[in-house]
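Protein chains in written order, with the working numbering: chain H, 1130 to 1270; chain R, 1130 to 1270; chain B, 1130 to 1270; chain A, 1130 to 1270.
Heads up, the beta-carbon is just placed ideally off N, CA and C, and yes, glycines get one too.
Let me begin by presenting the structure, written as structure tokens, before commenting on it.
4 protein chains.
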Amino acid sequence: MKRARRPAQPHAEGHRVWIIPDAYLPVLTAEDEAKRAAGRGYWSHESLCVINTGPKRASLTLTFYFEDRAPVKNIRVTVGAERTRHIRFDKPEELGGFEVPAGVPYALRVESDVPVVVQHSRLDTTQPNCASLSVMAHPIR
Amino acid sequence: MKRARRPAQPHAEGHRVWIIPDAYLPVLTAEDEAKRAAGRGYWSHESLCVINTGPKRASLTLTFYFEDRAPVKNIRVTVGAERTRHIRFDKPEELGGFEVPAGVPYALRVESDVPVVVQHSRLDTTQPNCASLSVMAHPIR
Amino acid sequence: MKRARRPAQPHAEGHRVWIIPDAYLPVLTAEDEAKRAAGRGYWSHESLCVINTGPKRASLTLTFYFEDRAPVKNIRVTVGAERTRHIRFDKPEELGGFEVPAGVPYALRVESDVPVVVQHSRLDTTQPNCASLSVMAHPIR
Amino acid sequence: MKRARRPAQPHAEGHRVWIIPDAYLPVLTAEDEAKRAAGRGYWSHESLCVINTGPKRASLTLTFYFEDRAPVKNIRVTVGAERTRHIRFDKPEELGGFEVPAGVPYALRVESDVPVVVQHSRLDTTQPNCASLSVMAHPIR
């Protein structure tokens, strides 16, 4: 007898703790600033991209680590059930008001109350054209 | 006695579920559109690259997750036995007619009936020169 | 009592089978060809980067998978003990004479007789400036 | 009864041994050299980005592997407790005086006395605009 295909129930997939060692928000150039003011075109930024495949909202706690000062802890963001969020690090309003310092090396730890998957990407337009990089975050548990 | 080297039988390697949090199809510029119409040169696109090292065809089901609406499920693609496919996300004909919305953050879940390996790459030509990024998808199981 | 630090004996680290789904050797432009002929400057290429941290030479067997034809198997390369090799895929002499076809999507499987670590990188100079991407290969076993 | 949220004690997360097969420090152009001398703008470099989430300082030992000569071992760097460091490979003063040779393929092994997470990034400005790539290092143990 052919087994009926079970309807795909959403369930949370991934890990609860993820780490990104190389984070860096480029300082905006004058041209970048003009684009940002107009809200059009590309300017340097980083995005923390999270996917929550599960049936309940994910509550994330971010920790920002620096080279020469204590970490900034407890920055909160949420990702809805069966939704993705690409959180822009150049927009404090997406980080509960926290302003990520530009031009400073930092690193990131993401902790979620449910399993998620996390990727980190950077677009750099400091020079006339853009350079981009992206890594899957490193899963801890 | 020297053991004879067994002939390499193809077998499926990898995982059945893979996730990509950072997907984004850039909006084409006028120059991109001209290249696309002519079918020559580079224009912005994403590719989902799958390899099936096994002896039977892989049937994949893609789910597209968005920031502000319900996921689009059950997009089907296949990858032949001992073949690779680099599926272009700017070509609906490679996704059973599904048009991936451009200029919108999304995320992706890939499920296969046999183990495969999945990588996701983006080429962005919004500015005069191209920027590229690529990640191995995150394996779930 | 402070325990003496043992001298670091070289030992092979990593995995024996690695997979890369997204491989693509860009077609050289006229400018690329001129640089290649002169042996100076950047032209599009891919590199398979292997590190062998162990005390004996690694013998690797590469399989090239395509979209529409049977895989090419048994391409052999070696990496010395405690050495790295960045194998250029635009140079048939580094692949036992095998010419990787340009302008064609393919994928790659690497098998080694001892554990190694494998990374795959691409430089694309099709447009006036370069775009680069790199991924750690996916370890199978 | 709702369980009190325990205060987050810093603890070391990640792995003690990490490997990067594709390392390459581009030769600086005349323009790069001028920027470097002025200490302003972008010039080609690599960064080894390490995060130490734990309560004690991490002592790292780097080994540099080459294609045609014995590895250079025992280069030491440290990363403070709850700190990140983005170690520039074009700056010998950040590597205990070791000068990473430019224009030469190499690979890298990182060993730490406590768990850390390691990412490796390259910026290449050999052509007029920059290209960047980044990978999470491969964890061994």
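| query | result |
| --- | --- |
| Cβ shell of LEU1262 (chain A) (< 6 Å), same chain only, five flanking positions each side left out | ARG1251 |
| Listed by chain order, chain B residues near GLY1143 (chain R) by CB distance under 8 Å | ILE1148, HIS1267 and ILE1269 |
| Rounded C-alpha distance that separates MET1265 (chain A) from GLY1209 (chain A) | 20 Å |
| Backbone secondary structure at PRO1268 (chain B) - three-state DSSP | strand |
| Check whether ASN1258 (chain B) and ASN1181 (chain A) have beta carbons under 8 Å apart | no |
| Stretch-stretch touch, CB-based, cutoff 8 Å, three pairs: the segment 1232-1239 of chain B with the segment 1147-1157 of chain B | yes |
| Proximity of PHE1227 (chain B) and VAL1201 (chain B) at Cβ, strictly below 8 Å | yes |
| In DSSP terms, what ARG1169 (chain B) is bridged to | Looking at the DSSP assignment, ARG1169 (chain B) forms no beta bridge with any residue, so it has no partner. |
| Residues of its chain near LYS1131 (chain B), where Cβ-Cβ distance is below 6 Å and the 5 sequence neighbours each way are ignored | No answer about LYS1131 (chain B) holds up, because its pLDDT of 46 lies below 50 and its placement is not dependable. |
| Chain R contact for PHE1195 (chain B) (CB, 8 Å cutoff) | yes |
| For LEU1157 (chain A), the first and last residue of its enclosing beta strand (DSSP E) | No beta strand (DSSP E) holds LEU1157 (chain A); DSSP gives it neither H nor E. |
| Length of the line joining the Cα atoms of VAL1179 (chain H) and ARG1217 (chain H) | 11 Å |
| Contact set between GLU1211 (chain B) and chain A, taken where Cβ atoms lie within less than 8 Å | TYR1194, ALA1199 and PRO1200 |
| For LYS1164 (chain A), the three-state DSSP class (helix, strand or coil) | helix |
| Where TYR1235 (chain B) meets chain R, residues with beta-carbon distance less than 7 Å | THR1213 |
| Supposed contact pair VAL1206 (chain H) and LEU1154 (chain H) - C-beta distance, whole angstroms, cut 8 Å | The Cβ separation is near 16 Å, so there is no contact. |
| Nearest candidate by alpha-carbon position, reference THR1213 (chain B), set A:GLU1223, A:PRO1221, A:PRO1234 and A:LEU1224 | A:PRO1234 |
| Min CB distance LEU1262 (chain B) to chain R below 8 Å | yes |
| Member of R:GLY1232, R:THR1255 and R:HIS1140 whose CA lies at the smallest distance from the CA of PRO1184 (chain R) | R:HIS1140 |
| Contact set between the segment 1222-1248 of chain A and chain B, restricted to residues whose Cβ is under 9 Å from the partner | PRO1234, TYR1235, ALA1236, LEU1237, ARG1238 and GLU1240 |
| Whole-angstrom distance between ARG1198 (chain B) and SER1176 (chain R), CA atom to CA atom | 20 Å |
| Within chain R, partners of SER1250 (chain H) - CB distance below 8 Å | ASP1151 and LEU1262 |
| Beta-carbon gap between TYR1194 (chain A) and GLN1256 (chain H) smaller than 8 Å | no |
| Whole-Å CB distance - ALA1260 (chain R) paired with ALA1260 (chain B), under 8 Å assumed | 6 Å |
| Beta-bridge partners of ALA1187 (chain A), as assigned by DSSP | A:VAL1208 |
| For THR1158 (chain H) and GLU1211 (chain R), the rounded distance between their alpha carbons | 48 Å |
| Strand pairing of PHE1195 (chain B), partner residues [DSSP] | B:TYR1235 |
| Beta carbon proximity, PRO1257 (chain H) to chain A, threshold 8 Å | yes |
| Unbroken beta strand (DSSP E) run spanning CYS1178 (chain H), endpoints | 1174-1181 |
| For ALA1260 (chain R), the residue or residues it bridges with in DSSP | R:ASP1253 |
| Any C-beta of chain R under 8 Å from that of SER1188 (chain H) | no |
| Amino acids of chain A, ordered along the chain, whose beta-carbon sits closer than 8 Å to that of THR1207 (chain B) | Going along chain A, no residue has its Cβ under 8 Å from THR1207 (chain B), so there is no contact; the nearest lies around 12 Å. |
| CB contact check: ASP1161 (chain A) to chain B, cutoff 8 Å | no |
| Sheet register partners of HIS1140 (chain H) (DSSP bridge) | According to DSSP, HIS1140 (chain H) bridges with nothing at all. |
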